[in-house]
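First up is the structure itself, then whatever we jot down about it.
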Ligand SMILES: [Zn+2]
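Residue numbers (the working numbering): 10 to 142.
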């Protein structure tokens, strides 16, 4: 079975990264030949690919952190709106409808955050499996 290797130089034609044509190593050598020659990938292109596939935990953590901030500010806004609704809507039915709508918005945000958490856990497991080989 062909296993990709890390090499310091792109020794075989075309002697550069397939992604950006950089000639400075290290590279991942995929040990595969195409009509264009040997397939090498430089560190920068490998990092970009990993980020695009969502393997970089930094990006996922940032997404989760942004979602948590959105949820917090939404909850604060809802608490404030509930207070205003109590003052502005003396009719009990109208107040309840507005509160119900706000509670649904909170639930939607919470399930969005839970989905993100699940996604991050899956990514972490995948990264762990990739790291173990
Ligand atoms: Zn490259």
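The beta carbon of each residue, even a glycine, is placed where N, CA and C say it ideally should be.
- prompt: When we look at the beta-carbon of residue 143 and count the other beta-carbons within 10 Å, is it buried (16 or more) or exposed?
  reply: The requested residue 143 is not part of the displayed model; the chain covers only 10 to 142.
task: Determine which residues share a DSSP beta bridge with residue 37 and list them.
output: 15 and 50
- prompt: If we ignore side chains and look at the alpha-carbon of each, how far apart do residue 116 and residue 138 end up?
  reply: Straight-line Cα distance between these residues: approximately 33 Å.
query: Once you ignore the five residues that flank residue 19 on each side, which residues in its own chain have a CB closer than 8 Å to its CB?
result: If we look at residue 19 and ignore the five residues flanking it on each side, its Cβ neighbours are 25, 26, 32, 34, 36, 38, 47 and 49.
CA-to-CA distance, residue 43 to residue 63, given in whole angstroms: 27 Å
message: I need the straight-line Cα distance from residue 59 to residue 135, nearest angstrom please.
response: 12 Å
- request: Identify whether residue 43 lies in helix, strand or coil by the three-state DSSP scheme.
  value: strand
message: Going by C-alpha to C-alpha distance, which of 90, 82, 55 and 121 sits closest to residue 110?
response: 90
query: Using a threshold of 8 Å, is the CB atom of residue 18 nearer than that to any non-hydrogen atom of ligand 1?
result: Outside the cutoff, so no.
- prompt: For residue 118, is the classification buried or exposed, using 16 other Cβ atoms within 10 angstroms of its Cβ as the cut-off for buried?
  reply: Per the 10 Å Cβ criterion, buried.
- prompt: With which residues is residue 26 paired in a DSSP beta bridge?
  reply: Residue 26 pairs with 49.
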